[in-house]
Amino acid sequence: MQITIDNKNIEVANGETILEAARRNGIDIPSMCYAKEAEHKSSCMVCAVKNMQNGQVIPSCTTMPVEGMQIESNSKEVQAIRTMSFELLLSDHRADCEAPCSMVCPHGLDVEQMLLFYDNAAYKKACELIKGAFSLPAISCDDCKAPCEKACRRGNIDQAVSIRKIIKEVVEMFDVTEIDAADNRKIDKKMFQSRLGRFSDPEKQHLKETVNTKSRCLHCACAGKTDCKLRVYATQQAIKRPKYNVTSALPIMDKIHVNGNLWFEQAKCIRCGLCVYNSNNGFTFKDRGFGMQVCIPEENCNHIDEKLAELCPTGALYRVNTH
Amino acid sequence: MSSCQCENNGKLSQEELMTKMDAIIDRIGTSRDVIIPLLQEIQNEFSYLPSEAIERIYEKTEIDRAQLISVSTFYSQFRHIPYGKHLIKVCTGTACHVKGASNVYDSFKRELQMEGDSITTEDQLFSIEKVACLGCCTLAPVVQIDDKIYGHVLPGKVKDVIDEFIEEQDNQTSTESQHKKNLVKGEIRLGMGSCCQASGSADIYKELKRTSDELGIGVKIKSVGCVGVCNKVPLIDVVLENGTIKRYPNVKAVEIKEILHHHFKPAGYLKRLKNNIINRVDTYHTDTTWDNVIWKPENERTGLIDTFLESQHHIATEGYGFLAPLNLDEYIEHEGFKALKTTLSSYTRENLIQDILKSGIRGRGGGGFASGKKWEIVAAADGQQKYVICNGDEGDPGAFMDRMILESYPYRVIEGMIIAGYAVGATKGIFYIRAEYPLAVKRIKRALELCREKNLLGKQILGSDFSFDISIFEGAGAFVCGEETALIASIEGDRGFPKQRPPFPAVKGLNGFPTLVNNVETLSQISFIIRKGVESYTQIGTENSKGTKVFALAGKIKNGGLIEVPMGISLNQIIEKIGGGLENNEKLKAVQIGGPSGGCIPADLCDVKVDFDAFNQMGAMMGSGGLVVLSEKDCMVDMARYFLAFTSEQSCGKCTFCRVGTQRMLDILDKLCSGQAQMDDIDKLEELAINVKQSSLCGLGRTAPNPVLTTLKYFREEYVEHVNGICKTGICKDMIDFVVTDDCIGCTKCAKACPVDAIPYEPYEVHHIDTELCVKCGLCIDECSYDAIIKVKKGEGDKETR
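These protein sequences, in sequence, are chains A and B.
Heads up, the first sequence is in UniProt numbering, so the first residue is 1 and it goes up one at a time.
Heads up, the second sequence is in UniProt numbering, so the first residue is 1 and it goes up one at a time.
Structure follows, in structure tokens:
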């Protein structure tokens, strides 16, 4: 079957969608709710293209081509629609890509990652990170004005995490000279940054009551910070700031332990439903409209395969391996 | 449906609950696709979905946790917490909204002392909820308590309604009438649609029975379907022995005796004499009969109704005013099922489809797709099994045509459906009816039984080799299920997520088989086309829109009601001739047509003819046919906000543009209506609207921006005013204050009426309103006889009164 995409003739293989045909021919169309070989239903509309014959905007990930179809995938109009779909998704996305503390450390310590090791009692790993950032781990923080603690989101709730104290505590556990230095992840400041924004009073109260990590850290950083499609595409689309009011019906920072190393955080979900369609009596939709959520009933947690995390386009469903 | 059985709650033992649950499961089934009927039955039994009952479902059926959560939280019918003994449903449909439904809701909550978010009274006697539309738009504002509907419930009447309801609960004694032996000729016809009953027709019916017993007049009392003239009901037609009809609109119970006596003679001579004397005494000595209807000349009584009917054309509602909805013999007597007989005896499927194509009939559900074309596709599609679905999921706030047709003309819809089934080669039909329409469900259920008895349904219909049967599926409360693919998903036991088309349901629909989905009104016109011939149908209407269209005429109109007009009539004609102009002689501002998918047509364009394409060109839409008349006292920005609030809540939530886009539009509209918007918000709103319209995947999202786009197109200056903090109509509460002017004489009526004591009781002094306390319910304005309370721009109250 022959179709044209952006005036280029393309031979479509049997059973191929427009998106698949385009990608096979080197035409890049972004997509989020689509996953090859997995059940999916178009919902995010970031793969929007225009059918030039009837002027309709269609999702290329599920639309089957028809002989002679003329598709436009890169016009200004199509780009504008894609940008808007990202902007809309981001307006419903109350979450941080990067933890503010890690962003501001003058020495480049991935503070949040260090605290994650600390909270999981992987002190040696925490110490390795510290050594990777500081030439003199025992005293480097002494003269610092601690922008990390000023930036700490926990400070908006009650008191910032005592990051410097924890660093000292960790360093004192070991003979630092014996510890290997580990590389800290370098934060690419050119990447799009989603920001959580302000907490409401009930949220403050809730987090105060429920976050009980040893360090008191909220772990704002997203598990999908490097491979989240939403972030990657938003960077590509040169989106800087949210265009619309950012409000969400989803609970923020609510980290649900699914099983093993698998975790789920609703606030980062774009409701594409990939985890719903590809788990049997596992994840499910709840409610409708703007308040629609993807959730996992407690009873269903056990039979979720860890591999499901690979389908999630954002950092909502993720694996953590701290040890 | 909502009859509550909370007496049992709490006291019901685990064992009893299990027994009941098992009985329900045995009755309904255990497969995944029965989940909606199963949950409906459970809710009927326990008034909500108790968690123990749900656990039983997991144990005994194929339905799992993921499916149950997904489905039970999608449809608004299902409740997860126990409700009070009686449920108050406050209609927030379009017509009710423009007449102040939100104030009514607030008043109920205040009166029943429900604090904050609570929706149930402390004593568990009442629960309250807002519903999208009760379909009694002409009686707006409407409230339903359990099964009883109350019309014209203004905030000031809320207390009376509650009292009346409680009183009725206390003395529920039914007086059954005795059987008549000696029936006289002639009959009395009384409309008994849902709306008619809401305005007291049920009481009139009882009174008719009682009085005719008392007087010994054995006249047949017949309840007929919707009479259309909603604000003239209760409406009685007295058919005399010689066949002439005497009509009495707005009949009161006290007048029944008089009317009966006037037209009919009691059986025995003595009784006649006695009645005669008593009657005369009554007539001269009581006030109640002084202004009696029978003293008025016939044309004065019914003049209005005649103009109401003059411009109408009854096809879907043929038999209007005399057909008893469930009387099958009578329907057959009036050429009912003649079209079916003709079809089965002398039409091939091809000829039939050709005729429907030639008739030019287009789908009445909204889109206006050529029905014949749809039939042709389904007929041509491959499939061992084919279905015909009658779409009666009329969820538009402000529309009640489908309910009326189903309630009043069940056989006509059934006939249309059987013919459609024959044409496309289907063997199964399904009525999809909103659960909010209990009377329609009941009547269709009964009508189907009666049809089966007469072999109009079932195996080898009327001796032909065509077999077809119909079942009923009750929708569970989701506007999006009016969309074909979502409707099918819900029958299959899923969330009402629309599917991407193609494949169209006509090719791959219910359970993967070719499925014809037609609207109630479309099907109700089919028998006319066959019976009277294609040409008599094509004569009616315009070039591209043939036949008639049923509208629910409501809003600020004198004579609202259910009307059926030929296509091509202008909106102005409808408003002036049929509707009798605007109530209180207010000035026409716009007509909202097509509900949340349609738009507002401004007054100066109301000479537009009723026509699918003409409406589309204006940015509006025929939709399913709600026609809400708006006056200069209505705020267009508020209208747009109202509809967006509806669609964003009704969005299924699947796609970004509809789920998030409509919410962002609503955010901006909320800002506009509270005076916090900036000028660039209007552009942002417009940009969003255009994109949501273009990039949504189903009909809901594609049409949801229409109310915004049309109001922006025709009433942009009002948006600008709102940015500047002005709402001229005073509808947007956050932008106004109530103040008392110097015209006040200090009568204290307002102070007594104020529900929140914002007006201190100071006799003989000019009252003042504490703006901090005032909830702007408007009760004081209604009460004041001197027009001394006015709305002013927020914060400018002092300036005004000084």
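Ideal Cβ positions, reconstructed from N, Cα and C, are used throughout, including at glycine.
L49 of chain B and Q43 of chain B: beta carbons closer than 8 angstroms?
Contact: yes.
Which residue comes first and which comes last in the alpha helix (DSSP H) that contains S102 of chain B?
Per DSSP, S102 of chain B belongs to the alpha helix (DSSP H) from 101–111.
Could you tell me whether any Cβ in chain B is nearer than 8 angstroms to the Cβ of S43 of chain A?
Output row for S43 of chain A: interface = yes.
Between which residues of its own chain and L605 of chain B is the CB-CB distance below 7 angstroms, once the five residues before and five after are set aside?
Around L605 of chain B: M618.
Output, in chain order, the set of chain B residues within a Cβ distance shorter than 7 angstroms of Y277 of chain A.
Those do not exist, as Y277 of chain A stays about 11 angstroms from chain B at its closest Cβ, beyond 7 angstroms.
Checking contacts by CB at 8 angstroms: is F369 of chain B closer than that to chain A?
By this cut-off, F369 of chain B is not an interface position.
Who are the Cβ neighbours of N544 of chain B in its own chain at under 6 angstroms, not counting the five residues just before and after it?
Excluding positions up to five away in sequence, the list reads D613.
In chain order, what are the residue ranges of uninterrupted alpha helix (DSSP H) at least 4 long that sit wholly in the region 435–513 of chain B?
Scanning the region 435–513 of chain B from its first residue to its last, the whole alpha helix (DSSP H) runs of 4-plus residues come out as 438–453, 484–491.
Here's the rule: buried if 16 or more other CB atoms are within 10 angstroms of the residue's CB, otherwise exposed. What is S72 of chain B?
Of the residues assessed, S72 of chain B falls on the buried side of the cut-off, its CB having 16 or more other CB atoms within 10 angstroms.
Going straight from the alpha carbon of Q403 of chain B to that of E241 of chain B, what length do you get?
One detail in the question is off: residue 403 of chain B reads as Arg in this sequence, not Gln. Rounded to whole angstroms, R403 of chain B to E241 of chain B spans 33 angstroms at the Cα level.
Just grab the DSSP bridge partners of N519 of chain B for me.
BP columns for N519 of chain B point to B:N391.
Contact defined as beta carbons within less than 8 angstroms: I believe F466 of chain B pairs with G429 of chain B. What is the distance between those atoms, to the nearest angstrom?
Going by Cβ atoms, the distance from F466 of chain B to G429 of chain B rounds to 12 angstroms, so no, they are not a contact pair.
Less than 7 angstroms between C-beta atoms, sequence neighbours within five positions excluded: which residues of the same chain meet that for V276 of chain A?
For V276 of chain A, where only same-chain residues beyond five positions count, the Cβ hits under 7 angstroms are F283, T284, F285, V294.
Check whether the Cβ atoms of Q2 of chain A and E11 of chain A lie closer than 8 angstroms to each other.
A contact, by the Cβ cut-off of 8 angstroms.
Please look up how many angstroms separate the CB atoms of L523 of chain B and M417 of chain B, rounded, as I've assumed it's under 8 angstroms.
The C-beta distance from L523 of chain B to M417 of chain B rounds to 5 angstroms, short enough to meet the 8 angstroms contact threshold.
Between Q663 of chain B and chain A, is there a C-beta pair that is closer than 8 angstroms?
Taking Cβ atoms only, chain A reaches closer than 8 angstroms to Q663 of chain B, which makes this a yes.
Quick one: Cα of V608 of chain B to Cα of K546 of chain B, how far?
Within the model, the alpha-carbon separation for V608 of chain B versus K546 of chain B is close to 16 angstroms.
Should I575 of chain B and G581 of chain B be called a contact, given that it needs their Cβ atoms to be closer than 8 angstroms?
For I575 of chain B and G581 of chain B, yes; Cβs fall inside 8 angstroms.
For W263 of chain A, list the residues DSSP reports as bridge partners.
The partner list for W263 of chain A (beta bridge, DSSP) reads A:H257, A:Y318.
Looking at L308 of chain A and S279 of chain A, is the spacing between their C-beta atoms short of 8 angstroms?
Result yes, Cβ atoms of S279 of chain A and L308 of chain A sit closer than 8 angstroms.
Is V111 of chain A buried or exposed, if buried means 16 or more other CB atoms sit within 10 Å of its CB?
By the 10 Å Cβ count, V111 of chain A comes out buried.
Selection of the region 68–91 of chain B by Cβ proximity to chain A, strictly under 8 angstroms
Against chain A - using a Cβ distance shorter than 8 angstroms - the residues of the region 68–91 of chain B are I69, S70, T73, F74.
What does V57 of chain A reach in chain B if we use C-beta pairs closer than 8 angstroms?
Within 8 angstroms Cβ-Cβ: Q694, S695.
If we count the other Cβ atoms within 10 Å of its Cβ and call it buried at 16 or more, is V629 of chain B buried or exposed?
A buried status is given to V629 of chain B, since no fewer than 16 other beta-carbon atoms sit within 10 Å of its beta-carbon.
Mind checking whether F431 of chain B and C390 of chain B have CB atoms under 8 angstroms apart?
Between F431 of chain B and C390 of chain B, the C-beta gap is smaller than 8 angstroms, which places the two residues in contact.
What is the rounded straight-line gap between the Cα of G725 of chain B and the Cα of G797 of chain B?
So the alpha carbons of these two residues sit roughly 14 angstroms apart.
Cβ-based burial, T141 of chain B [other Cβ within 10 Å; buried from 16]:
The question names Thr, but residue 141 of chain B is Pro in the sequence shown. With a threshold of 16 other beta carbon atoms within 10 Å, P141 of chain B meets it and is buried.
If I'm right that G675 of chain B touches D734 of chain B with Cβ under 8 angstroms, what's the distance once you round it to whole angstroms?
By a beta-carbon distance limit of 8 angstroms, G675 of chain B contacts D734 of chain B. Their separation comes to about 6 angstroms.
Continuous alpha helix (DSSP H) stretch holding residue 325 of chain A: start and end:
There is no way to answer for residue 325 of chain A, as the model of chain A reaches only from 1 to 323.
Mind the definition here: the region 394–410 of chain B touches the region 483–496 of chain B only if three or more C-beta pairs lie below 8 angstroms; say whether that holds.
Cβ pair count under 8 angstroms is below three, so no.
In chain order, what residues of the same chain lie with their CB nearer than 6 angstroms to the CB of W290 of chain B, ignoring the 5 residues before and after it?
Because W290 of chain B sits at a pLDDT of 47, beneath the cut-off of 50, its placement in the model cannot be relied upon, and the point is left open.
Tell me, please, whether the region 222–242 of chain B touches the region 548–568 of chain B by the rule of three or more beta-carbon pairs shorter than 8 angstroms.
Three or more beta-carbon pairs separated by less than 8 angstroms link the region 222–242 of chain B to the region 548–568 of chain B, which places the two stretches in contact.
Is K8 of chain A buried or exposed, if buried means 16 or more other CB atoms sit within 10 Å of its CB?
Note on K8 of chain A: under 16 other CB atoms within 10 angstroms of its CB, so exposed under the neighbour-count rule.
Measure how close the beta-carbons of K445 of chain B and I414 of chain B come, nearest whole angstrom, since I'm counting them as under 8 angstroms.
I414 of chain B and K445 of chain B do not touch by the CB rule: their CB atoms are close to 11 angstroms apart, not below 8 angstroms.
Any non-hydrogen atom of the ligand PLP closer than 7 angstroms to K373 of chain B Cβ
Only the bare structure without any ligand can be found here, which leaves the ligand PLP out of the picture.
Quick check: what's the CA-CA separation for S2 of chain B versus H86 of chain B?
Note that S2 of chain B scores a pLDDT of 41, beneath 50, so its modelled location is shaky and nothing firm can be said.
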